[in-house]
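> Residue numbers (our numbering): 14 to 89.
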């Protein structure tokens, strides 16, 4: 079975769990993968154009992103 076909069989909660697991495994050894070229461009842009938004912790950012996603889902 192709990975894309398998992912399509998962419900959104299972896809999120799979994503989280993959992210944890990839993040455990950051030297194993090179960042894509566009990532450097994004970092350079963000460094040159800092956000006016206040800084927040990773936990706060996760909550904020989840809220935005939930709002988008409920408006569809």
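All C-beta atoms, glycine included, are put in the ideal place defined by N, C-alpha and C.
Note that the structure is predicted; figures quoted are calculated from it, not measured.
Mapping DSSP to helix, strand and coil, what is residue 60?
Looking at residue 60 - three-state DSSP - the assignment turns out to be helix.
> What is the DSSP secondary structure of residue 70, counted as helix, strand or coil?
Correct three-state label for residue 70: coil.
> Return the CA-CA distance between residue 20 and residue 35, expressed in angstroms with no decimal places.
In a straight line, the C-alpha of residue 20 is about 13 angstroms away from that of residue 35.
> How long is the line joining the alpha carbons of residue 31 and residue 88, rounded to whole angstroms?
Distance between the alpha carbons of residue 31 and residue 88: 25 angstroms.
> Can you tell me the Cα-Cα spacing of residue 58 and residue 24, whole angstroms?
Looking at the two C-alpha atoms, the distance is approximately 35 angstroms.
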